[in-house]
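Our numbering numbers the first residue of the sequence shown as 1044 and each following residue consecutively. These notes concern the structure reproduced below.
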Amino acid sequence: MILIIFGSKSDERIYTPLLDGIREKEIEYDLFIASAHKSPGYVEDILDDVDKKYKLIIAGAGLAAHLPGVIASKTIRPVIGIPIDVNFSGMDSLLSIIQMPPSVPVLSVGIDEYNESVKNSTLILKKYDKVNILHKNLFPEGKLKKVLGIFSDFNIKFEYNTIVKVDCININPVELGHDVDILENCISVNIPVSSESNMDDLKKLSDMTKIGLWVGLNRFDNAAISAIQLLNFDDEYSKKLIKFKKNLEESFRNA
């Protein structure tokens, strides 16, 4: 069972074909229309016991598209965010969804790319046992150390490889502006990587995210957390994920 939430009835042009695809895949779902800004209490009600009811959440929004991120802050389940083109060709929505802070990931698809959500839903609703780390050379030393530390804390099995593997959750760093090769039957958490960025890079980000699931620029840590959420199909890591979120809030309060 998956939860689907969109921020406005005006998003119907995206969620109607999305639902068609979900039904075609014979995936059970609940649909709600709720705004993180206009109906925060309703969002809270929908998310009551969300971790017990659902294995995956798909959330779509336009403009200041904070709905997926708000949901991600309140669940241990993977959240797929769909940025919707309302203004600025959807770039404001994409950045709102993909550029999440450390330790609170959203798996963003490209602008209006509901088909990517359907395709990846079928891949997510399966059991995986291991992470496959691709292109180790693109990990800055400190970032790799942090990822491996997270995996150690959760006792995650992983391996290094140069190719995507079907039976793993793949972590795939991609240089900003480069094409990404994603196999149809593989799930990858993609990371745009660059030592610097500017306004000219926004088009590159928009183009490269049209395929696959993405975390924010250089957010290797969020890719690691996302991978653990995806490995948690049978709740093997639920207690540790709940403790992780609790510790995150406590450390923030005490900072």
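Virtual Cβ for every residue (Gly too), placed ideally from N, Cα, C. A quick note: this is a predicted structure, and the numbers were derived from the prediction, not measured.
Residues sharing a beta bridge with residue i, DSSP
| i | result |
| --- | --- |
| asparagine 1215 | Asn1233 |
| proline 1015 | The question about residue 1015 has no answer, for the chain in this structure spans 1044 to 1298. |
| valine 1174 | Phe1201, Ile1212 |
| valine 1129 | According to DSSP, which records beta bridges pairwise, valine 1129 is partnered with nothing at all. |
| isoleucine 1048 | Phe1075, Ala1102 |
| glycine 1064 | In DSSP, glycine 1064 forms no bridge with anything. |
| glycine 1124 | Ala1102, Ser1151 |
Distance, residue j Cα to residue i Cα
| i | j | result |
| --- | --- | --- |
| serine 1082 | glutamate 1067 | 31 angstroms |
| phenylalanine 1287 | valine 1152 | 25 angstroms |
| serine 1051 | valine 1149 | 19 angstroms |
| lysine 1247 | isoleucine 1234 | 13 angstroms |
| isoleucine 1048 | threonine 1059 | 12 angstroms |
| phenylalanine 1295 | valine 1147 | 13 angstroms |
| leucine 1304 | proline 1121 | Any question about residue 1304 goes unanswered here, given that the chain covers just 1044 to 1298. |
| serine 1160 | asparagine 1265 | 19 angstroms |
| lysine 1096 | glycine 1105 | 26 angstroms |
| glutamate 1184 | valine 1236 | 14 angstroms |
| phenylalanine 1075 | isoleucine 1089 | 8 angstroms |
| histidine 1221 | lysine 1098 | 32 angstroms |
| glycine 1259 | glutamine 1142 | 4 angstroms |
| isoleucine 1125 | alanine 1107 | 12 angstroms |
| leucine 1226 | valine 1207 | 8 angstroms |
| asparagine 1180 | lysine 1200 | 20 angstroms |
| isoleucine 1057 | glutamate 1156 | 8 angstroms |
| leucine 1003 | methionine 1044 | In the structure as shown, the chain begins at 1044 and stops at 1298. Residue 1003 is therefore absent and cannot be evaluated. |
| isoleucine 1271 | serine 1053 | 34 angstroms |
| asparagine 1223 | leucine 1191 | In the sequence on display, residue 1223 carries valine and not asparagine. Distance between the alpha carbons of valine 1223 and leucine 1191 is about 24 angstroms. |
| lysine 1117 | glutamate 1293 | 15 angstroms |
| lysine 1162 | alanine 1102 | 15 angstroms |
| aspartate 1196 | lysine 1289 | 15 angstroms |
| leucine 1291 | isoleucine 1285 | 10 angstroms |
| isoleucine 1119 | aspartate 1094 | 7 angstroms |
| isoleucine 1114 | serine 1240 | 28 angstroms |
| alanine 1267 | asparagine 1130 | 32 angstroms |
| isoleucine 1230 | histidine 1080 | 32 angstroms |
DSSP state of residue i mapped onto helix, strand, coil
| i | result |
| --- | --- |
| tyrosine 1085 | helix |
| tyrosine 1203 | strand |
| tyrosine 1072 | strand |
| phenylalanine 1182 | coil |
| asparagine 1163 | helix |
| leucine 1226 | coil |
| leucine 1256 | strand |
| glycine 1105 | strand |
| leucine 1090 | coil |
| isoleucine 1119 | coil |
| isoleucine 1154 | coil |
| glycine 1192 | helix |
| glycine 1220 | coil |
| alanine 1267 | helix |
| isoleucine 1169 | Just to set this straight, residue 1169 is lysine in the shown sequence, not isoleucine. Lysine 1169: coil per DSSP, three-state reduction. |
| asparagine 1290 | helix |
| glutamine 1301 | Missing from the structure shown is residue 1301; the chain here goes from 1044 to 1298 and no further. |
| methionine 1242 | coil |
| arginine 1262 | coil |
| asparagine 1297 | coil |
| glutamate 1055 | helix |
| aspartate 1278 | coil |
**Message:** Any contact between the segment 1204–1212 and the segment 1250–1263? By contact I mean 3 or more CB pairs, one from each, below 8 angstroms.
**Reply:** no
**Asked** Would you say the segment 1134–1142 touches the segment 1166–1176, given that touching needs at least three Cβ pairs under 8 angstroms?
**Response** no
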